[in-house]
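Protein chains in written order, with this note's numbering: chain A, 8 to 220; chain B, 8 to 220; chain C, 8 to 220; chain D, 8 to 220.
What follows is one structure encoded as C-alpha cells, with my remarks underneath.
Number of protein chains: 4
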Amino acid sequence: MRVLLTGFEPFGGSAVNPSWQAVRLAEAAPPEGVSLTTALLPVLFHDAIARLRAAVEESGADVVICVGQAGGRAGMTVERVAVNLDDARIPDNKGVQPVDEPVVAGGPAAYFSTLPVKACVAAVRDAGLPASVSHTAGTYLCNHVFYGLMHHLESGRPGRRGGFVHVPYLPEQVPDGDKPSMPARSVAEALTAIVSAAVTTTEDLKETGGALH
Amino acid sequence: MRVLLTGFEPFGGSAVNPSWQAVRLAEAAPPEGVSLTTALLPVLFHDAIARLRAAVEESGADVVICVGQAGGRAGMTVERVAVNLDDARIPDNKGVQPVDEPVVAGGPAAYFSTLPVKACVAAVRDAGLPASVSHTAGTYLCNHVFYGLMHHLESGRPGRRGGFVHVPYLPEQVPDGDKPSMPARSVAEALTAIVSAAVTTTEDLKETGGALH
Amino acid sequence: MRVLLTGFEPFGGSAVNPSWQAVRLAEAAPPEGVSLTTALLPVLFHDAIARLRAAVEESGADVVICVGQAGGRAGMTVERVAVNLDDARIPDNKGVQPVDEPVVAGGPAAYFSTLPVKACVAAVRDAGLPASVSHTAGTYLCNHVFYGLMHHLESGRPGRRGGFVHVPYLPEQVPDGDKPSMPARSVAEALTAIVSAAVTTTEDLKETGGALH
Amino acid sequence: MRVLLTGFEPFGGSAVNPSWQAVRLAEAAPPEGVSLTTALLPVLFHDAIARLRAAVEESGADVVICVGQAGGRAGMTVERVAVNLDDARIPDNKGVQPVDEPVVAGGPAAYFSTLPVKACVAAVRDAGLPASVSHTAGTYLCNHVFYGLMHHLESGRPGRRGGFVHVPYLPEQVPDGDKPSMPARSVAEALTAIVSAAVTTTEDLKETGGALH
C-alpha cells in the first residue's frame, strides 16, 4: 500500500510546525508493507491544495493523511468532517485572509473523512498515547486542505481514501506549560499507528467517539 | 415576523436544562415586531425532529432558532454547520444510542446555518455578553435537531431561515465552579439579541469568526 | 456587626475591575444587622496596604473581606492562605514590579484566613452560585493585600477577622467567551452571602474543600 | 553532592504514578558529580513523612526533591510554598481523610522551598520542556510531604535544602486526551535538569515567575 503523509510549514509567527517534524520522523520508520511518501504544504490558501493534488497524483497513494497543528489540544485528534468554508482568523503566509468564502465554489457543504476514524483513534490509544475523534478542523488552512483533499479524492478517484489528523503543540512551543504539548517522537509514533490502522482496516469500529456538543 | 424558539428537556441526569429555562424567559419579552412561539423538544433521537417539524409548521415561523446546552462552554455559541451524523456518547432519554448513523439517510453531509451568524454574535456582544461562532454542534441531540431542522427548511420552504445556538451551564449546575456558567436571565437576554439580529439582518456581517482548528 | 469590604481599581489595561463594581452593588443591600463600609484600593504595592490599614481602623470593622479579580476562574473563590511573597508578573499601576521580595520583611511565611472559608463557600452555593476554596491568591496585589491585612489583624487586634475573596471576569471583559465570567449582580449576591456567613458563623464547617494539587 | 529524589505509589484508583516512574528513570542517568538516591513514599498521611525522614537521614542527602503527580497540569511545576494544612478531597490508601488539620501541630503556617525555584524552571525550559513555578501544592499528600520535609530540614539541619516538584499525567493515564500529559522519559529529563540546577545554583535567578492570582 502506498501512503502519502503531508505536513505544514510554520505559520502565525512560529518557528516550527509540529506536523512536519512528526511526518518526517514517521517517514523514517514506516509500518511493514507500507510505502510512505511525504509532502510539505505551504500555509497558503489554494496553493496548498494545488501542491497537495500534485503530491497525491505523483505518489499514486492509496491512502492520504494530511497532518496539521491544533495548538491547545492535548491529544491526537482524527478529524471526521471537512466543511466548505474559509474563515481565516489570521492571514496566511502571503497575507491572504478569506472570510466566509467556500473552499470550492459550488462544492457540497462538507465531506466526511474516508479513513476509519474510530480504528485510528483506537490504534493510537493502543500505542499508549492519547487520541479522540474531532468534529471540526476549524476554518483555516487545515480544514481548507482537508476539504480540498476530499473533493479531489471524491471526484473520480474511487477506492482512494483520505483524511486529516490534528496534532498538539511541541513542548518547546509552550515553555511555561500553559497549554498541553506532545513530543515530536510521540506524535510520530501516533501517526505510524494511524497509518497502520488506515491501511489494514476495511470496516471501521462501531464504537462511540461522539461529542455531546 | 414570526420566530420559533425551541429548547430541550433535561438529560444525562440533570434536573434542569438551561436552554428551556432561557427560552421561556425570552418568550416573556419578545423584541418589538416579533411574534415569538416556543416549543419544548424531547431528548429523543428522531422524536425530537418530528416534534420540531410539527412546531415549525404550526407556528408558520419565518425564522427558527433551536437552543441547546453546551456544558463547559463559557459564552453563547452560534452554530455554523450541522452534519449528517449521529454518534451518541450517552443514550437519549429512552435509552437509544445511535453510533455512526446518518440523521437523514441519503441526506447531504452537512447544512450551513441560514441565520446571519456573525451578526448574531455581534448582537450578543453589543448586549455585553460573551459570544462566538462554533463550527461543531457535536454529534448528539443538538446536532441531530439542527440537521433535521435545516433538512426540513431546505426541502421546499424557500425564504424560511433557521439555525442553532448553544448555551452554557446555569450557575446552579456547577456548584464548585469547575466549569463556566451563565445565569438564565443573561442567556435569555442574549437569545433576545440573537432573535433581533436574525429578523433584521438581510446580509450577514463580513468579519472573521473563524477558528484556527 | 461592622464589616469592611474592599475592591481594587482597574489594572493591566482593563477599563473595569469587577471587584469594585460588585462591592459597590453589595454595599447597596447589606444583610440585616450588618453595617457595611467599603474602600477602593489602588493597584500599588505597599500603598494598597497603607490604604487598607487606614480603612480598617476608620471603619472599626469586626470583619474585613478584601475582594479582587481572578481572571479565568469560573466561580467565587474564597482564599485560604496568604504568603509573604511579592513576585509581580506585570508592573503595578505606577510601574513598580517587585520580584521575590517579602510583603513584610521579617513576617511569617504565611497567614491563614480567619474567615470561616467552608461556611462562606457553602453560603454562595446555597445562593445558587458557584464557589470553592482556593489555596493560592497568587503573588501579585491580591496576595499582597491579603497578607498585609492578616499581618495587621494578627498584630494586636484580637477578635477581628479577615480574609480574601477572588471573583471572575465580568461578561463584558471576555466578549468572545474564551474565558468564564460572572455578571456583577451575581458576584454581589455571592459577596452578600459571604458577608452573612462570615458574621454568623462562629465555628467553620468541617467538610472538605481540599485540592489534590 | 548527594541528592535524594522521592516518588509516590499510585492512588485514587490509578494503576501507575508518574512521579515514581520518572524518578526511577532519572536515577538511571544522574548528572555528573551527583550521587542520586531514590525512595518510594506511600500515599498515607504521616506514614509518608516518617518514611521520608528516614530516607533523608539514611541518604545523608544535601538536596531533597520530592516529586508527585498533578493531574491536569501541562508542564513541570516547581512548588514554592508548603502550607500547614491537610484537607483531603479523597481518602488516602488506608482510608484516612483528614479535614482541616495541621500537618504538624504547632508548626508555622508555611515553609518556602529552599530550592532555587526560578533556576529549576529555567533549566527545564532550556531542556526544551515546559515548566513554571506553582504557588500551591494542594492540601493532600503532596503538600503534606512537602511541609513535612521542610519542617524536618528547617529543624536543625542547616545547609540541607529541599523542595517539591509536581509532574503531569502520563499519556496512558489520559487515553482520550481530555487532559494534558507528558511521557515518563520527558519527565525524567526534566527532573535531571532540576537536579542539576539545584546542586549548582547558589543564588536563585531574579526573574519573575509570579502569578496574578
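Note that beta-carbon positions come from the ideal geometry of N, C-alpha and C, so glycine has one too.
These figures come from a predicted structure and were not determined experimentally.
Terminal residues of the continuous beta strand (DSSP E) containing residue i?
| i | result |
| --- | --- |
| R9 (chain A) | R9 to F15 |
| S139 (chain A) | A138 to S141 |
| A117 (chain B) | A117 to F119 |
Return helix, strand or coil for residue i, following the three-state DSSP convention.
| i | result |
| --- | --- |
| H53 (chain B) | coil |
| T44 (chain D) | strand |
| H233 (chain B) | Any answer about residue 233 (chain B) is impossible in this case: the structure gives chain B only from 8 up to 220. |
| A62 (chain B) | helix |
| S162 (chain B) | coil |
| E214 (chain C) | coil |
| V30 (chain D) | helix |
| V5 (chain A) | With chain A covering only 8 through 220, there is no way to say anything about residue 5 (chain A). |
| A36 (chain A) | coil |
| T207 (chain D) | helix |
| A144 (chain B) | coil |
| P98 (chain A) | coil |
| P178 (chain D) | helix |
What does residue i pair with, by DSSP beta-bridge criteria?
| i | result |
| --- | --- |
| H173 (chain A) | A:G75 and A:T84 |
| D93 (chain C) | C:E108 |
| S21 (chain D) | Bridge partners of S21 (chain D): none, in fact. |
| V152 (chain A) | According to DSSP, which records beta bridges pairwise, V152 (chain A) is partnered with nothing at all. |
| R192 (chain C) | Paired residues: none, contrary to the question. |
| R168 (chain B) | B:V70 |
Can you give me the Cβ contacts of residue i inside the same chain, cut-off strictly under 7 Å, excluding the 5 residues immediately before and after it?
| i | result |
| --- | --- |
| S26 (chain A) | G14, F15, V74, G75, Q76 and V174 |
| V50 (chain D) | F15, E16, F18, D99, N100 and L148 |
| M157 (chain D) | A89, Y118 and G169 |
| G102 (chain A) | none |
| E196 (chain A) | A134 and L136 |
| V41 (chain D) | M8, V10, V202 and V206 |
| A191 (chain A) | P25, Q28, A29, L32 and L177 |
| A62 (chain A) | L11, T13 and A46 |
| E161 (chain A) | Y118 |
| T208 (chain D) | P123 and A126 |
| V152 (chain B) | L48, A55, I56, L59 and C73 |
| K236 (chain D) | Residue coverage of chain D in this structure runs from 8 to 220, which leaves residue 236 (chain D) outside it and unanswerable. |
Please work out which residues of its chain come closer than 8 Å, Cβ to Cβ, to residue i, disregarding the five sequence neighbours upstream and downstream, and give them in chain order.
| i | result |
| --- | --- |
| P105 (chain B) | F52, D93, D94 and A95 |
| G166 (chain B) | D69 |
| A116 (chain D) | V90 and N91 |
First and last residue of the alpha helix (DSSP H) that includes residue i?
| i | result |
| --- | --- |
| V128 (chain C) | V124 to D133 |
So, for residue i: in the same chain, excluding its five sequence neighbours on each side, which residues have a beta-carbon less than 6 Å away from its beta-carbon?
| i | result |
| --- | --- |
| A138 (chain C) | G82, M83, V128, V131 and R132 |
| R60 (chain A) | H159 |
| V23 (chain C) | P17 |
| F171 (chain C) | C73, E86, A144 and F153 |
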